[in-house]
C-alpha cells in the first residue's frame, strides 16, 4: 500500500498529456494531494498549488508520485535530483513507468540509506492464488469496453465517488498503473503471470458486507486480440453482479489493431454478459458509459440519447453528465431480481 | 530447443500415473526415445527397454527427460545421483516439474562444470511481443475444451501424426509442459505474463506455407473460471482456421471448481467459435474429440455416435478410434469455403 497524501511530480512534462497520470490522481483524489512539483521547463499544469519538497513534507506528504511519462517510460536523469531530495526529506517514491525505480542504483541507494520505499506499480510484488471460483458476499461492478482506452477507469471511479456521496459503501479496485496510484493499492493485472490472473482479482475484491460495492477497473477488451485474455480473467475473477459497457464512438479501428473494427455495444453486451454469467448467473448489464470527448456538445447529447434509446439502458458520459443514472441503476433492486 | 533423442527417467514413480509425462513422450515420440531409466523401487513401466546412462549415451541420447512427478512437483534427492551422472555422461536434463532444476545448486554446479543444459520447461526463458493481430499465411487448428484435462493435447498430437502419415505438412505446437517435452520446444503459456500471452502464441505459430497446418495444443477452457483468460489469449493468438471441440463425458463438475457444471458441446461450439471469428472470420468447428477412457466399449460407441448425430460433426475418441474422420474434415476444402 502506497502511503498518502501525495506530492505530484510533473517533472519536465512537455505537454498536458505527458502528465496524465498526475492528472488522474489529482482529479480523482484531490484530498490526497498536497500540491504539484514542476521543474523549470514543465509545460503541464494541474491548476493546483506549486510547492517545494520541504513544503510538501510540512504539509504531511508521505509519497512523491512520478506523474509524468517519457517516451518509452524511462526515468529521466533530469528528474533524479528531485527524486533523491524527496527520499532524503522522508517521502517514498511511487511510479507507474515501464522502467523501474528499483532498477536505478542511485535511487535505490538513497532509499535504503533513508529507509524509504520505492513503489513500482507495474511490478508484481506478491504471489497470487489460482482462482477458486467460489461465490463471495458483497456486490461487484465491472467496466468492460468495446476497445481498450475507452474510459473504463473513469466510469468506475465516477461511480465509486457517486455511491460514496450517497453513503453507499463502495471501493474502487484498481487493476492498472494509474488506478493503483489513485487508490494507493491494487493489482497490476497485465504484469501477472497467466495462471494467476483470475486469482489475483478474487483476492483484490474479497468477500464483503452484502450492501458493499466493489467498482472494479476494467482492462483491455474481450474483442481486442492483444489483451482479451486479461479481460476474460478479470470477468471470471470478478464474478460481477453488474457490468457497465464502455465505448468511444469516433474510433475507426481497435487501438493498435488496424483493420479490426470495434464491435457494437450490442455485441459487447451479448458476449460480456454470457461470459460473466458463467461465474455469476445473476449478472446484469446496468448501463453504458460513452467517452464523448471527441464530439461536440450537440453531437454528444444526440449520441448518448440515441444509444440509451437503442440499447434501452441508462447511458451517460461520466465527465460530461455525471453518473447519477448509472448509480440509480446499480442501487435499484429491480435490476437484480431476475 | 531441447536436444533429442531422449532417455526417459522414471525415477521411483510409485505408480503409472506418476510417470505420465514420460508416457506422453514415449507414446507420441517413440522414435525420439532410446529407452527408460528406472530406479530399483520404480512401479511404473513404459514397456520399452531399460537401459543404463552409459548405454543411453552410446545410443545417441542427448537429453534425460525427468518423466516422473512427485507430490508438489519437487525434485527428489533420490533422483539426484542419476541426474548428476547423466550430466557427467554428456546429456542435458529436461523437466516440467514445478520446482526448477536450475534452482538446485548441486545440479547447476555439475551442469556448468560439464557444459550441459538444464531445461525447465515451466519457466519462461525469452521475452514475447504483444500480439499484433495481423493475419498470417498457413493454416491453424486449435483444440478447445468443455473443461481442463479433457484430451486436447492428445487430439492435437493424434491429428499431427495422422496428417504427417498422409504427407500433409503439419507441426504440433506445444503450449504446456508435457507438450513441450514431447515436441522439444514450445511456449509454457500458463507461465507467460498476462500482456504477452497472445503474442507468445503468434510467435509460436508464425506465417507458413499455405498448405501447412499448425496443430496448436489447447489450454484451460473458456468456461473454467481459473484459466479462461489463458484460453481466450490462445484463441486470439492462434487465429485458428479450425477448432476441435474436446469433452470428457463422465465429469460431474469442472475440475477444481466444485459446483460448476460443464457446458454442453453446443455451448462450447457457440462461444469458442464467436471468439475465434473475432480474429479469423473464416474459422470453422470441424469435429469433436471425446475422452471415453472412463466408459465401457459399448458406452463409448454409443456416446460417440449420439454426439456425432446431435452435433452433426465428425466425432471420435482419438485413442479408441483414431482421428481419420477429423483429418478428413480438416483437409476438406468444402469445410472452409463459406
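Chains as they are written, first to last, in the working numbering: chain R, 28 to 365; chain V, 28 to 365.
Just so it is clear, CB atoms sit at the ideal spot from N, CA and C, and this is done for glycine as well.
So what's residue i in DSSP terms, helix, strand or just coil?
{"i": "residue 30/R", "result": "coil"}
{"i": "residue 250/V", "result": "coil"}
{"i": "residue 59/V", "result": "helix"}
{"i": "residue 277/R", "result": "coil"}
{"i": "residue 68/V", "result": "coil"}
{"i": "residue 219/V", "result": "coil"}
{"i": "residue 226/V", "result": "helix"}
{"i": "residue 243/V", "result": "strand"}
{"i": "residue 38/R", "result": "strand"}
{"i": "residue 197/V", "result": "strand"}
{"i": "residue 77/R", "result": "strand"}
{"i": "residue 45/V", "result": "helix"}
{"i": "residue 203/V", "result": "coil"}
{"i": "residue 345/R", "result": "helix"}
{"i": "residue 52/V", "result": "helix"}
{"i": "residue 234/R", "result": "coil"}
{"i": "residue 359/R", "result": "coil"}
{"i": "residue 212/V", "result": "coil"}
In chain R, which residues lie with their C-beta within 8 Å of the C-beta of residue i?
{"i": "residue 99/V", "result": "Within chain R, no residue comes near residue 99/V; the closest Cβ sits about 14 Å away, beyond 8 Å."}
{"i": "residue 137/V", "result": "Those within 8 Å of residue 137/V in chain R number zero; the least Cβ separation is about 29 Å."}
{"i": "residue 331/V", "result": "Here the premise fails: no neighbours, minimum Cβ distance about 27 Å."}
For residue i, return the contacting residues in chain R, with the cut-off set at a CB-CB distance below 7 Å.
{"i": "residue 217/V", "result": "221 and 222"}
{"i": "residue 350/V", "result": "Within chain R, no residue comes near residue 350/V; the closest Cβ sits about 28 Å away, beyond 7 Å."}
{"i": "residue 52/V", "result": "Within chain R, no residue comes near residue 52/V; the closest Cβ sits about 23 Å away, beyond 7 Å."}
Cβ-heavy atom distance between residue i and the ligand GTP below 7 Å?
{"i": "residue 225/V", "result": "As far as ligands go, the structure on display features none, and thus does not contain the ligand GTP."}
Show which residues of chain V have a CB atom less than 8 Å away from the CB atom of residue i.
{"i": "residue 320/R", "result": "The contacting residues do not exist; residue 320/R stays about 25 Å from chain V at best."}
{"i": "residue 48/R", "result": "Here the premise fails: no neighbours, minimum Cβ distance about 18 Å."}
Who are the neighbours of residue i on chain V, taking C-beta pairs under 9 Å?
{"i": "residue 256/R", "result": "221, 224, 225, 255, 256, 257, 258, 259, 260, 261, 262, 263 and 264"}
{"i": "residue 338/R", "result": "What residue 338/R touches in chain V: nothing, since even the nearest Cβ is about 20 Å away."}
{"i": "residue 148/R", "result": "Ordered by position in chain V, no residue passes the 9 Å Cβ test against residue 148/R, which lies about 15 Å from the chain."}
For a contact meaning CB atoms closer than 7 Å, what does residue i contact in chain V?
{"i": "residue 61/R", "result": "The contacting residues do not exist; residue 61/R stays about 33 Å from chain V at best."}
{"i": "residue 214/R", "result": "Per Cβ cutoff of 7 Å: no residues; residue 214/R is ~10 Å from chain V at best."}
Which bits of chain R does residue i rub up against, with CB to CB less than 9 Å?
{"i": "residue 195/V", "result": "Ordered by position in chain R, no residue passes the 9 Å Cβ test against residue 195/V, which lies about 27 Å from the chain."}
- Quick one: which residues of the stretch 260–286 of chain V get their C-beta closer than 7 Å to a C-beta of chain R? List them in chain order. So the close ones are 260, 263 and 284.
- the stretch 57–77 of chain R contacting the stretch 35–47 of chain R, beta-carbon criterion three pairs below 8 Å: Because the criterion of three Cβ pairs below 8 Å is met, the stretch 57–77 of chain R and the stretch 35–47 of chain R touch.
- Message: At 4 residues or longer, what runs of the alpha helix (DSSP H) sit wholly inside the stretch 156–192 of chain V?
- Response: 179–192
- In chain order, what residues of the stretch 154–186 of chain V put their CB closer than 9 Å to some CB of chain R? For the stretch 154–186 of chain V, which is checked against every Cβ of chain R, the residues closer than 9 Å are 157, 158, 159, 160, 161 and 162.
- Task: Count the C-beta pairs between the stretch 332–342 of chain V and the stretch 287–300 of chain V that are closer than 8 Å, then say yes if the count reaches three, no if not.
- Result: yes
- Message: For a minimum of 3 consecutive residues, which ranges assigned as the beta strand (DSSP E) are wholly contained in the stretch 255–343 of chain R?
- Response: 269–274 and 311–317
- Item | chain V contacts made by the stretch 232–251 of chain R, where a contact means CB separation under 7 Å | 250
- So, do the stretch 239–251 of chain R and the stretch 125–136 of chain R have three or more beta carbon pairs nearer to each other than 8 Å? no
- Please list the residues of the stretch 301–314 of chain V that have a C-beta atom closer than 9 Å to any C-beta atom in chain R, keeping them in chain order. 301, 302, 305 and 306
- Inter-stretch contact (C-beta, 8 Å, three-pair minimum) for the stretch 120–134 of chain R and the stretch 177–192 of chain R: no
- Query: Three or more beta-carbon pairs under 8 Å between the stretch 268–283 of chain R and the stretch 313–321 of chain R, yes or no?
  - Reply: Contact between the stretch 268–283 of chain R and the stretch 313–321 of chain R is present, with at least three C-beta pairs closer than 8 Å.
- Are at least three pairs of beta-carbons, each pair with one atom in the stretch 350–360 of chain V and one in the stretch 186–202 of chain V, less than 8 Å apart? yes
- Message: When you compare the stretch 156–174 of chain V with the stretch 240–260 of chain V, are there three or more beta-carbon pairs, one atom per stretch, that lie closer than 8 Å?
- Response: The stretch 156–174 of chain V, when compared against the stretch 240–260 of chain V, does touch it at the 8 Å Cβ threshold.
- In chain order, each alpha helix (DSSP H) run of at least 4 residues that lies wholly inside the stretch 83–165 of chain V: Taking only runs of at least 4 residues, the alpha helix (DSSP H) segments lying wholly in the stretch 83–165 of chain V are 107–115 and 132–141.
- Query: In chain order, what residues of the stretch 84–97 of chain R put their CB closer than 8 Å to some CB of chain V?
  - Reply: none
- Message: Check whether the stretch 84–99 of chain V and the stretch 149–164 of chain V touch, using three or more Cβ-Cβ pairs below 8 Å as the test.
- Response: no
- Does the count of Cβ pairs from the stretch 297–304 of chain V and the stretch 263–272 of chain V closer than 8 Å reach three? Yes: the two stretches touch, three or more of their Cβ pairs being nearer than 8 Å.
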